[in-house]
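Right, one structure below, let's go through it.
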Amino acid sequence: MNIKTLLSSLLVAATAFSPALAQTYPVKPISLVVPYPAGGPSDFFARKMQAEATAKLGKTVVVENLGGAGGSIGLTKVANAPADGYTLSLGSPMELVLAPMAIQGVRYKSEDFKLVAQFATTNTILAVRNSLNVKTVDQLLALARKSADKPLSYGSVGPGSLYHLIGEKFSQLTKVDLLHVPYKGIAPLLNDLMGGQIDMAFLPMAGSIPQTVLDGKIQGLAVTAKTPHPLFKQFPAMASMKGLEAMDFDIWAGVQVHKNTPDAVVNTLNQAFYAAAETPENRKALEGSGNVVLASRTPAELARIYQGEIERYRAIAKSINLQAQ
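The numbering used here numbers the first residue of the sequence shown as 2 and each following residue consecutively.
Right, here's the structure in full:
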């Protein structure tokens with residue numbers, strides 16, 4: 002066999018292999034890593050996607066909660082796993098973009114991941130413990146300035162998380178000192194806010210949090226947006242308030258894989274997770290808990306979106322001079 006014939010045979014074999022990969026994947030269970038403890042919004046998303054994604058893929062999707070260090074522990078596992086599509090993350094800009102800038106021990110980069118699906122977005126809400134006895138942002142600021150010698154505390158899911166950045170931006174714009182209290186996840190943070198151990202927090206309007214606010218277990222003050230949330234119009238838009246125009250933040254949730262995961266596998270996961278998000282039951286559950294369900298996008302479209310989000314959140318971090326700790 003001459004070299005030309007050999008190369009031709011290899012090309013035919015390689016061409017035949019790519020569809021075969023798409024046809025055989027997956028052949029074993031898939032781990033969907035949630036980088037926070039059970040009970041928070043990320044866990045809510047994962048549990049909603051789990052059953053439908055399992056049905057679409059034909060193999061069990063196992064939700065694995067792995068919280069800590071602003072979500073970076075869970076993402077580190079995905080970054081270090083084989084790039085074969087069997088270890089995924091359910092992440093957001095907090096773990097993907099902000100944690101590498103804010104936590105010295107993080108060894109992965111934002112560019113180490115591919116976005117497989119981006120299926121929902123929402124605003125955050127400024128909420129306070131009931132015993133603080135404030136109903137508006139102005140009342141909160143008046144109280145904070147009155148007790149300047151003892152700063153009010155606010156919780157987040159760790160240094161460099163979006164909720165940390167929003168808190169620091171709020172402090173910067175209002176010139177009010179605040180004490181940052183980090184947690185491993187939303188669930189323990191929310192428990193302490195309801196129990197009065199911390200004074201306030203910026204929380205995602207997703208999962209169980211909207212109902213917690215509506216039930217009066219914590220006091221909602223305003224959403225971080227230019228206009229009120231479409232489902233919760235009783236809460237004013239913070240970015241429409243004088244001096245707080247920069248308080249316009251939202252947060253999205255999606256599924257990611259290692260950047261070197263084969264395109265055929267990424268395409269399979271893309272179709273499966275968007276199909277899961279778009280079932281009537283899941284759409285109703287996501288929208289009913291305060292999310293806007295996003296239209297499905299191709300991996301190529303998601304790559305462009307992801308690069309834009311990297312640049313966006315790096316700019317936010319720079320605006321408050323975020324330093325790695």
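Cβ coordinates follow ideal geometry from the N, Cα and C atoms, glycine included.
Note that the coordinates shown come from a computational prediction; the quantities given were computed from them, not determined experimentally.
Helix, strand or coil at residue i [DSSP, three-state]
i: LEU22; result: Its pLDDT being 48, under 50, LEU22 is placed unreliably by the model, and the measurement read from it follows with that caveat. Of the three classes helix, strand and coil, the one that applies to LEU22 here is helix, per DSSP.
i: SER111; result: helix
i: THR280; result: coil
i: LEU323; result: coil
i: GLU246; result: coil
i: MET102; result: helix
i: PHE274; result: helix
i: GLY71; result: helix
i: THR225; result: coil
i: THR61; result: coil
Proximal residues to residue i (C-beta, below 7 Å), its chain only, five neighbours per side dropped
i: VAL177; result: LEU142, ALA145, ARG146
i: ALA325; result: MET102, ALA103, ILE104, GLN105
Close beta carbons around residue i, own chain, < 6 Å, minus the five adjacent residues each side
i: ALA278; result: PHE120
i: ILE210; result: LEU204
i: GLY309; result: none
i: ALA39; result: ASN66
i: ILE74; result: LEU67
Residues of its chain near residue i, where Cβ-Cβ distance is below 8 Å and the 5 sequence neighbours each way are ignored
i: GLY86; result: TYR26, PRO27, ILE31, VAL258, THR262, PRO263, VAL266, VAL267, THR269, LEU270
i: ARG108; result: THR77, ALA80
N-terminal and C-terminal residue of the beta strand (DSSP E) that residue i is part of
i: SER338; result: Residue 338 is absent from the structure shown; the chain starts at 2 and stops at 326.
i: THR88; result: 88-92
i: GLY156; result: 153-157
i: ASP193; result: No beta strand (DSSP E) holds ASP193; the alpha helix (DSSP H) holding it covers 187-196.
Range of the contiguous alpha helix (DSSP H) that encloses residue i
i: ALA143; result: 138-147
Residue i: CB within 6 Å of a non-hydrogen atom of the ligand HEM
i: ASP150; result: In the structure on display, the ligand HEM does not appear, and there are no ligands present to speak of.
Cβ neighbour criterion (16 or more within 10 Å) applied to residue i
i: GLU53; result: buried
i: ASP113; result: buried
i: ARG313; result: exposed
i: ASN63; result: The amino acid at residue 63 is misidentified as Asn; the sequence shows Val. When all chains shown are included, VAL63 counts as exposed.
i: ARG305; result: exposed
i: LYS115; result: buried
i: THR299; result: exposed
i: GLY289; result: exposed
i: PRO83; result: exposed
i: ASP139; result: exposed
i: ALA128; result: buried
i: GLN235; result: exposed
i: SER132; result: exposed
Taking one C-beta from the stretch 285-293 and one from the stretch 114-133 each time, how about it: are there three or more such pairs within less than 8 Å? yes
Does the contact criterion of 3 or more C-beta pairs under 8 Å hold for the stretch 206-222 versus the stretch 241-248? no
Just checking, does the stretch 161-172 make contact with the stretch 187-203 on the three C-beta pairs under 8 Å criterion? yes
State whether the stretch 91-102 contacts the stretch 212-222, with contact taken as three or more CB pairs (one from each stretch) at a distance under 8 Å. no
Can we say the stretch 147-156 touches the stretch 171-190, given the rule of at least three CB pairs closer than 8 Å? yes
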